[in-house]
DNA sequence: GCTTTATATGAGCATATAGTTATACATGGT
DNA sequence: ACCATGTATAACTATATGCTCATATAAAGC
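Chains as they are written, first to last, in the working numbering: chain A, 58 to 179; chain B, 58 to 179.
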């Protein structure tokens, strides 16, 4: 069943290292956290500095409950830090790689969308 | 209802630009495509160069049907290119930003996991 | 044209997760 | 102690998506 495959270009070097299931799950989980518009909206709002839950709810137009949930998701993924001050809880971006991640994705998206542009212009 | 909020640190500069719903949906979608272990496994296998569907199925241990589906998802997101040659279809990484994305995520993950390490060691 | 091989796709099931509403918890003021 | 405010959580519904099995499509050889 080992069908002799033509190798058109690259000489078929084996994949570097197999990558454990656990590692893949962790990476996938990290991407999944970033795969929700509301969470991206929250991150975007936090680019300017830390904010309270209610502030974020107002800025993003989400309900308090939903925003709180998403903030927790982001915090559990160590992307946000949490600071309690009196009645309020302030969240802030804790993982600086978030900025680069978003830059990368936005950049490659702008490329593949340069035709139907306008979406990012604003 | 505009509760006067104490601004502990940063002087509350407004978020740069509101970011349209469409843009956010596109970015979220892109992250979602990367948020599945099997797709990450496929991308990882393709780091070494283009491969056919069956090759990838064998390498990843997935069924032909499932691998084909995931490859399509990746291709529709413009992350993979597709080349047909005879009976076989070869997929290859088309978006170089993928490499940097994975590097970034792996890097920040290794940091936050340096304690329980070993997952990435292999 | 028929068969074989490689890939794609349709249908169905199972699971995960986003959103809502209502309520609980916590803190500060009176 | 009580009440007001800010945040978290529980229960539920709706939707999306991954996986499997079976089948369809497409190309190559006979």
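Where is the CB? At the ideal position from N, CA and C, for every residue including glycine.
Fair warning: this is a prediction, and the values are worked out from it, not measured in the lab.
Cβ neighbours of residue i in the same chain (closer than 7 Å, five flanking residues each side left out)
i                      : result
residue 98 of chain A  : 117
residue 151 of chain B : 135, 136, 137, 138
residue 125 of chain A : 110
residue 121 of chain A : 110, 111, 114
residue 76 of chain A  : none
Distance between beta carbons of residue j and residue i, contact taken as under 8 Å
i                      : j                      : result
residue 109 of chain B : residue 146 of chain B : 6 Å
residue 103 of chain B : residue 134 of chain B : The pair is not a contact, with the Cβ atoms about 14 Å apart (cut-off 8 Å).
residue 95 of chain A  : residue 119 of chain A : 6 Å
residue 85 of chain B  : residue 92 of chain A  : 5 Å
Any C-beta of chain B under 8 Å from that of residue i
i                      : result
residue 150 of chain A : no
residue 162 of chain A : yes
residue 166 of chain A : yes
residue 169 of chain A : yes
Contact with chain A by residue i, beta-carbon distance below 8 Å
i                      : result
residue 118 of chain B : no
residue 110 of chain B : no
residue 184 of chain B : Limits of chain B in this structure are 58 at one end and 179 at the other, which puts residue 184 of chain B out of reach.
residue 158 of chain B : yes
Closest by C-alpha distance to residue i, when choosing among the options
i                      : options                    : result
residue 131 of chain B : B/90, B/153, B/164, B/78   : B/90
residue 106 of chain B : B/126, B/156, B/164        : B/156
residue 154 of chain A : B/153, B/165, B/159, B/154 : B/165
residue 127 of chain A : A/169, A/144, A/142, A/100 : A/100
Contacting residues, own chain, Cβ-Cβ under 6 Å from residue i (five flanking each side not counted)
i                      : result
residue 140 of chain B : 147
Could you run through the segment 121-140 of chain B and flag, in chain order, every residue whose CB is less than 7 Å away from some CB of chain A? 135
Under 9 Å, CB to CB, which of the residues in the segment 74-96 of chain B have a partner in chain A? 74, 75, 76, 77, 78, 79, 80, 81, 82, 83, 84, 85, 86, 87, 88, 89, 90, 91, 92, 93, 94, 95, 96
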